[in-house]
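Undergrad: Got a structure for you, written out below as structure tokens; questions coming shortly.
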Amino acid sequence: MDEPEGVASMHLVTIKADSRTHYHKRMTEIYYVLEGEGALELDGDSFPVRPGTAVMIKPGCRHRAVGEGLKILNVPVPKFDPDDEWFDE
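In the numbering used here, the protein residues as written are 2 to 90.
Written out as structure tokens, the structure is:
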């Protein structure tokens, strides 16, 4: 069901290659790692992740996932909005 004012959404994301650094102006994201090992870069700092790792990414934090084979459950709050994805370059 697609609710225009949805409080949150949930997405299964597979990282096949390092993702591009980006940020959101309104969304908070919660990443929960289901499979694989790698790292999350948050404002230039790298943090190792593995299954069971949960990370909350607040608005304005530049972030990306690094590694192959990472499977992440992504919970954006409010629901994902493709117009709220920003890149520096």
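Cβ coordinates follow ideal geometry from the N, Cα and C atoms, glycine included.
All of these numbers come straight from a predicted model, not from anything done at the bench.
Could you say which of 85, 50, 77 lies nearest to residue 58 if we only look at CA atoms?
TA: What you label residue 58 is simply residue 57 of the sequence shown in a count that begins at 1. Taking only the C-alpha atoms, the option nearest residue 58 is 77.
Undergrad: Going by DSSP, what residue range makes up the beta strand (DSSP E) through residue 47?
TA: Locating residue 47 in the sequence shown gives position 46, where the first residue counts as 1. Here the beta strand (DSSP E) through residue 47 covers 46–50.
Undergrad: Return the residue from the list 61, 72, 8, 9 that minimises the CA-CA distance to residue 20.
TA: Within the sequence shown, numbered from 1, the residue matching residue 20 stands at position 19. If we check each option's Cα against that of residue 20, 72 comes out closest.
Undergrad: Looking at residue 38: is its Cβ nearer than 7 Å to the Cβ of residue 27?
TA: On the sequence shown, position 37 is the one that residue 38 refers to. On the sequence shown, position 26 is the one that residue 27 refers to. Result no, Cβ atoms of residue 38 and residue 27 do not sit closer than 7 Å.
Undergrad: Helix, strand or coil: which one does DSSP assign to residue 77?
TA: On the sequence shown, position 76 is the one that residue 77 refers to. Correct three-state label for residue 77: strand.
Undergrad: What's the gap between the Cα of residue 54 and the Cα of residue 68?
TA: The count along the sequence shown starts at 1 and reaches residue 54 at position 53. The count along the sequence shown starts at 1 and reaches residue 68 at position 67. Spanning the two alpha carbons is a distance of roughly 15 Å.
Undergrad: For residue 41 versus residue 18, is the C-beta spacing smaller than 7 Å?
TA: As a position in the sequence shown, residue 41 is number 40, starting the count at 1. As a position in the sequence shown, residue 18 is number 17, starting the count at 1. In this structure, residue 18 does not lie closer than 7 Å to residue 41 by Cβ.
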